[in-house]
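**Student:** Below are the structure tokens for one structure; questions will follow.
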Amino acid sequence: MNRVKITEYLDIEFDDESWVCNRCGWNLGPARENYKKGCLVYPRDPREVYPQVTAADLTFAPDPNWCKILEYYCPSCGIMLECEALPPGHPITHDLQIDIDDLKSKHGFSQPLTSADASQR
Amino acid sequence: MPVDLELVKEGRFKPEPPTAEELAAMSKLDRVDYSIYTMRVELACRESREVLQKLGISTLIRAGDTAHGVYTANGDLSIAEVGTYLHVVTGIIPIKFVLKHYLDDPMVGVKDGDIFFCNEAVYGGIHNPDMITFMPIYWAGRIIAWVASASHEPETGATEPGGMPSTARSRYDEGLKVPPIKIGEQFKLKSDIIELFENNVRYPLMMTNDLAARVAACLTLRKRILEIVEKKGAEFVLGTLRKMIIDTAESVKERISKIPDGTYRHVAFLDTVGFGEGLLRLPISLTKKKDRMVFDLTHASPQTPGPYNSFEHTVEAVFASLVFQYLLSDVPASSGCLVPFEFKTTPGSCLNAKQDAAVSHVVYLLPVVISALQILFIKALYNVSEYRKEEYLALPLNGGLRALGVSGKNQWGKEVTTHLIAIGNSRGGGARFSRDGVDSAGFWYCGYAEAADCEQDESAYPVLTVWRSFTPDGGGPGKYRGGTGVSFGYMIHNSETISLTTIGVGQRFPVAHGVFGGYPAGTRPVVTVDDASSLYSTDSKVPTSDTSLVRLIRQDAGIRIQPNSTPTRAIRKGGLVAQCSGGGGGYGDPIERDPNLVLRDVETGRVSKWAAENVYMVVFEQDGLHIDGKATEERRKIERLERRKRGTPFESFEREWNKLRPPDTALRFYGEWPVPFPV
């Protein structure tokens, strides 16, 4: 097991180059892709997080027609790995696109490169 | 002479190559002397800040919204002391402009004792309330350095009082805009120039007083630099000022190189353009490769028809505010910090507006952009063990500014105009790697400033502070909670009628985001009441916050719950205005928060019992005063199970999600819908 921490809840496992939930060890998919693809997603109505003070147009809570909070859960342990506030339908963010080869190199897991590989890097 | 945009477009915020003379001087520097005199220069800047803060009268100067810097002979910033980081690099382009265009111009020229001024954003600044005064330092008949003093003046003679008109449609609505100009000779201000300035603003006394105060600050700084020259020689000063810049650049490159290469993305939104509501998209992608970073902001919304626009260079200038106080807080705030960074924006977008655009609310637009950038830094830095600590993994202070502009006769019968912005800038700090954000932490861009005492506002302006308070649920929930902002209420006092302007963002869409499962801080509108006197003439409960005001006020009192940015209107004696500075974002999943911390938050009024039970998922004992530990653990286990039931696999979720769209009213300034990130 050769893991490094990437976020509060996400590790990258070098052995199979995968995203891993560090609370339960669940494999969330290839580290070269968006970890969100391995998550469960729930669009939270912001009024469930922020109390409304009045029934007026501006309630003191975010407007659910303008804003949803997308919650990304680990399918195994249910931890909320990340959340993001987006207008309904706005493209989901690929927030972490890490150069895995550089990451390995920084942590001393570099494989010897062929000259062909080296020329492509 | 046409406007010279080349200095800005050529990226001349960044340092010039060192001259042969500077390199030679650097090679002779003694390390100990360099260290001592670097500190000496910084202390001189700090002394100048004290001079300005004590002599100035604007609310923003009193709060510390100032910057003082020392520049090389060719205009590169060597070191600055704040006040506010926002002004730090804005002296660079005006100084380089003067050197380029006026040094050899016999009608202007540059001589010992000359004093220059600029408040025109096109020439490298932020917006026109930000005014800078600068002077050359001569030694043996040649310029060896420059000094500058900058501050925010809350009145520019714009179409609305206060210098930041919500209804501005172009630069011509924003009042006095002065390109780099000589305003004094032989160490004295010119009377005709003072007359010109006074004739263009609503509060001439403040304009002239603060102009003179900035000159006094420059003279103090000049004197201290010359003392060093007399003691150590001009060559020593030349070498020291250049070395500070080179050292900063090397330091930032070294720090960046430790971060994993890759692309990191975040998207922020604003919900206003000043005169009306609407979403603006502000996506940012950070691509890090070796010791360089490229920020791609090319997919921002189009230039707005209001004042929520930025010039291309202003993004870079405000970005400096972030790195000076966040990544590089322990090295000189010099122009060397910008060396490894490149910014990409799209001409015609709200982040690269045309020259005639209104930009006065740029300080409301860019903090949201740069706050998003700080989130990118957190995500990029987390992997590096030496950065995995609260100094680096800290969410920003809330970037959503809110402020009030007032104009009218004060209790002394004097016409005054100002922004009561200092308390609105007392915002919650973002949550951190191992602890909560600071409540009422400060200005987003102004780490060393403070909120003025309410008595200071009351002594000069026609208002009475009726409360300043923390309100529950102001900070974003999380394992570590965002700090909460401050609710504040002002009653119109000792004046029959005043003009009131409210400014700000974040009534429908959150602007202070969380990270790693932490929620954003919530939203807040502005509340005004035409006649609040009934609240203070009976035995009924007196409101102590904007939320309690809404609950207590009679509907026939003329209550309005509005977007934070509203045009100027008259408000009479007895009227009341209430606003709340924003809180910071949360860090981590809220159901991982220590239940005892939740209880403490409820006891201190930082979190409501509703949020404790429904967001943090704690269970109280029957007495309502203690946490039931076992029941809380069980409740949180159930929540995790429920998440797994209600959550949808990503691919099927995204398919349905992509069919949604906000209402057209939300998209009227947005541009094309939807626009994905640049990949």
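In the order they appear, the protein sequences are chains A and B. Here the numbering used here is used: the first residue of the first sequence is 1, the next is one more, and so on. Here the numbering used here is used: the first residue of the second sequence is 122, the next is one more, and so on. Note that CB positions come from ideal geometry on N, CA and C, so glycine has one too. None of the values given here were measured: they were computed from a predicted structure.
Report the three-state DSSP secondary structure of I692 of chain B (helix, strand or coil).
**Tutor:** Taking the first residue of the second sequence as 1, we reach residue 692 of chain B at position 571. Here I692 of chain B sits in strand by DSSP.
**Student:** Spatial neighbours of A334 of chain B within its chain, please: C-beta separation below 6 Å, excluding the five flanking residues on both sides.
**Tutor:** As a first step, residue 334 of chain B must be located in the second sequence, where it is residue number 213. If we look at A334 of chain B and ignore the five residues flanking it on each side, its Cβ neighbours are L173, L176 and G177.
**Student:** Decide if K352 of chain B is buried, meaning its Cβ has at least 16 other Cβ atoms within 10 Å, or exposed.
**Tutor:** Taking the first residue of the second sequence as position 1, residue 352 of chain B is located at position 231. It is exposed - the Cβ of K352 of chain B has fewer than 16 other Cβ atoms within 10 Å.
**Student:** Quick one: Cα of Y155 of chain B to Cα of R757 of chain B, how far?
**Tutor:** Within the second sequence, residue 155 of chain B is the residue found at index 34, counting from 1. Within the second sequence, residue 757 of chain B is the residue found at index 636, counting from 1. C-alpha separation (whole angstroms): 57 Å.
**Student:** Between the beta-carbon of G627 of chain B and the beta-carbon of G534 of chain B, is there less than 7 Å?
**Tutor:** By 1-based counting over the second sequence, the position of residue 627 of chain B is 506. By 1-based counting over the second sequence, the position of residue 534 of chain B is 413. No. Outside cutoff.
**Student:** Identify the continuous beta strand (DSSP E) that holds G750 of chain B and give its terminal residues.
**Tutor:** Position 629 of the second sequence, counted from the start, is the residue given in the question as residue 750 of chain B. Segment G750 to R767 is the alpha helix (DSSP H) holding G750 of chain B; no beta strand (DSSP E) there.
**Student:** So, helix, strand or coil for K68 of chain A, using DSSP?
**Tutor:** The count along the first sequence starts at 1 and reaches residue 68 of chain A at position 68. DSSP places K68 of chain A in strand when its eight states are reduced to three.
**Student:** With 9 Å as the C-beta to C-beta threshold (strictly closer), list the residues of the stretch 48-60 of chain A near chain B in chain order.
**Tutor:** Against chain B - using a Cβ distance shorter than 9 Å - the residues of the stretch 48-60 of chain A are E48, V49, Y50, P51, V53, T54, A56, D57, L58, T59 and F60.
**Student:** So what does DSSP say about G643 of chain B, is it helix, strand or coil?
**Tutor:** Translated into positions along the second sequence, residue 643 of chain B becomes position 522. Note: G643 of chain B maps to coil in three-state DSSP.
**Student:** Starting from A333 of chain B, follow the alpha helix (DSSP H) in both directions and report where the run begins and ends.
**Tutor:** Indexing the second sequence from 1 puts residue 333 of chain B at position 212. Looking at the DSSP string, the run of the alpha helix (DSSP H) that includes A333 of chain B is P325 to K353.
**Student:** Give the secondary structure of N27 of chain A by DSSP, where H, G and I count as helix, E and B as strand, and everything else as coil.
**Tutor:** As a first step, residue 27 of chain A must be located in the first sequence, where it is residue number 27. Of the three classes helix, strand and coil, the one that applies to N27 of chain A here is strand, per DSSP.
**Student:** Measuring CB to CB, does G705 of chain B end up less than 7 Å from N519 of chain B?
**Tutor:** Numbered from its first residue, the second sequence carries residue 705 of chain B at position 584. Numbered from its first residue, the second sequence carries residue 519 of chain B at position 398. Yes, Cβ-Cβ distance for G705 of chain B and N519 of chain B is below 7 Å.
**Student:** CB I321 of chain B to CB G278 of chain B, shorter than 7 Å?
**Tutor:** If you number the second sequence from 1, residue 321 of chain B lands on position 200. If you number the second sequence from 1, residue 278 of chain B lands on position 157. Per the sequence shown, residue 321 of chain B should be read as Asn rather than Ile. Yes, Cβ-Cβ distance for N321 of chain B and G278 of chain B is below 7 Å.
**Student:** Check whether chain A comes within 7 Å of A355 of chain B, counting only Cβ atoms and requiring the distance to be less than that.
**Tutor:** For the purposes of this step, residue 355 of chain B is identified with residue 234 of the second sequence, where counting begins at 1. It does not; no Cβ of chain A falls within 7 Å.
**Student:** V490 of chain B lies in the alpha helix (DSSP H); which residues open and close that run?
**Tutor:** Here residue 490 of chain B corresponds to residue number 369 of the second sequence, with the count starting at 1. Element bounds for V490 of chain B: V483 to L502.
**Student:** With A479 of chain B and P428 of chain B assumed to form a contact (beta carbons below 8 Å), what rounded beta-carbon distance in angstroms separates them?
**Tutor:** Numbered from 1 along the second sequence, position 358 holds the residue referred to as residue 479 of chain B. Numbered from 1 along the second sequence, position 307 holds the residue referred to as residue 428 of chain B. Sure, about 4 Å apart at Cβ, within 8 Å.
**Student:** What are the residues of the stretch 637-666 of chain B that lie near chain A, defined by any Cβ-Cβ distance shorter than 7 Å?
**Tutor:** So the list reads F637, G638, Y640, P641, G643, T644, R645 and P646, given in the order they occur along the chain.
**Student:** Report the rounded CA-to-CA distance for F464 of chain B versus N473 of chain B, giving the unit in angstroms.
**Tutor:** Numbered from its first residue, the second sequence carries residue 464 of chain B at position 343. Numbered from its first residue, the second sequence carries residue 473 of chain B at position 352. Distance between the alpha carbons of F464 of chain B and N473 of chain B is about 11 Å.
**Student:** Out of B:T187, B:S506, B:V436 and B:P300, state which residue places its alpha-carbon closest to the alpha-carbon of V484 of chain B.
**Tutor:** Looking up residue 484 of chain B in the second sequence gives position 363. Checking every option, the nearest Cα to that of V484 of chain B belongs to B:V436.
**Student:** Roughly how many whole angstroms lie between the Cα atoms of Y791 of chain B and R782 of chain B?
**Tutor:** Sequence index remark: in the second sequence, residue 791 of chain B carries index 670 (1-based). Sequence index remark: in the second sequence, residue 782 of chain B carries index 661 (1-based). In a straight line, the C-alpha of Y791 of chain B is about 12 Å away from that of R782 of chain B.
**Student:** What in chain B is Cβ-close to N2 of chain A, meaning under 9 Å?
**Tutor:** For the purposes of this step, residue 2 of chain A is identified with residue 2 of the first sequence, where counting begins at 1. In chain order: nothing, as chain B lies at least about 14 Å away.
**Student:** Three-state secondary structure (DSSP) at S455 of chain B?
**Tutor:** Mapped onto the second sequence, residue 455 of chain B falls at position 334. Of the three classes helix, strand and coil, the one that applies to S455 of chain B here is coil, per DSSP.
**Student:** Relative to the alpha-carbon of D722 of chain B, which residue among B:E755, B:W565, B:S555 and B:D594 has its alpha-carbon at the smallest distance?
**Tutor:** Your numbering for residue 722 of chain B matches position 601 in the second sequence. Residue B:D594 is the option with its Cα nearest to D722 of chain B.
**Student:** Using a Cβ-Cβ distance cut-off of 7 Å, determine whether A85 of chain A contacts chain B.
**Tutor:** For this step, residue 85 of chain A is matched to residue 85 along the first sequence. Interface residue, yes.
**Student:** Please report how far the alpha carbon of E71 of chain A lies from the alpha carbon of G635 of chain B, in whole angstroms.
**Tutor:** Position 71 of the first sequence holds residue 71 of chain A. Position 514 of the second sequence holds residue 635 of chain B. Using only the alpha carbons, I get a separation of about 12 Å.
**Student:** If contacts are defined as beta-carbon pairs under 8 Å, then P641 of chain B and P631 of chain B qualify, I think. What distance do you get, rounded to the angstrom?
**Tutor:** For the purposes of this step, residue 641 of chain B is taken as the residue at position 520 of the second sequence. For the purposes of this step, residue 631 of chain B is taken as the residue at position 510 of the second sequence. About 4 Å; that satisfies the 8 Å criterion.
**Student:** Going by DSSP in three states, R727 of chain B sits in which element: helix, strand or coil?
**Tutor:** Residue numbering aside, residue 727 of chain B sits at position 606 when the second sequence is read from its first letter. Residue state, collapsed to three classes: coil.
**Student:** Please return the same chain residues whose Cβ sits closer than 6 Å to the Cβ of E742 of chain B, not counting the five positions on each side in sequence.
**Tutor:** Taking the first residue of the second sequence as position 1, residue 742 of chain B is located at position 621. Only D749 meet the Cβ criterion.
**Student:** Quick one: what does DSSP say Q97 of chain A is sitting in, helix, strand or coil?
**Tutor:** By 1-based counting over the first sequence, the position of residue 97 of chain A is 97. Three-state DSSP puts Q97 of chain A in a strand.
**Student:** Could you please give the first and the last residue of the uninterrupted beta strand (DSSP E) stretch that includes P404 of chain B?
**Tutor:** By 1-based counting over the second sequence, the position of residue 404 of chain B is 283. Taken as a continuous stretch (DSSP letters only), the beta strand (DSSP E) holding P404 of chain B covers E398 to K410.
**Student:** Have a look at Q97 of chain A and L514 of chain B and give me their C-alpha separation to the nearest angstrom.
**Tutor:** Translated into the one-based positions of the first sequence, residue 97 of chain A becomes position 97. Translated into the one-based positions of the second sequence, residue 514 of chain B becomes position 393. Cα to Cα, Q97 of chain A sits roughly 19 Å from L514 of chain B.
**Student:** Find the nearest neighbour of R602 of chain B within the set B:R727, B:T618 and B:L486, judged by alpha-carbon distance.
**Tutor:** As a first step, residue 602 of chain B must be located in the second sequence, where it is residue number 481. Nearest option by C-alpha distance: B:R727.
**Student:** Quick check: the Cα distance between E316 of chain B and E281 of chain B, rounded to an integer number of angstroms?
**Tutor:** The residue given as residue 316 of chain B occupies position 195 in the second sequence. The residue given as residue 281 of chain B occupies position 160 in the second sequence. When rounded, the distance between both Cα atoms is 21 Å.
**Student:** Name the DSSP beta bridge partners of E84 of chain A, please?
**Tutor:** Within the first sequence, residue 84 of chain A is the residue found at index 84, counting from 1. A:L70, per the DSSP bridge assignment.
**Student:** So with CB distances below 8 Å, who are the chain B contacts of D102 of chain A?
**Tutor:** As a first step, residue 102 of chain A is located in the first sequence; it is residue number 102 there, counting from the start. The contacting residues are P381, D382 and G383.
**Student:** For chain A, check one thing: does any of its Cβ atoms lie closer than 7 Å to the Cβ of G768 of chain B?
**Tutor:** Reading the second sequence from its first residue, position 647 is the one you call residue 768 of chain B. Yes, its Cβ sits closer than 7 Å to a Cβ of chain A.
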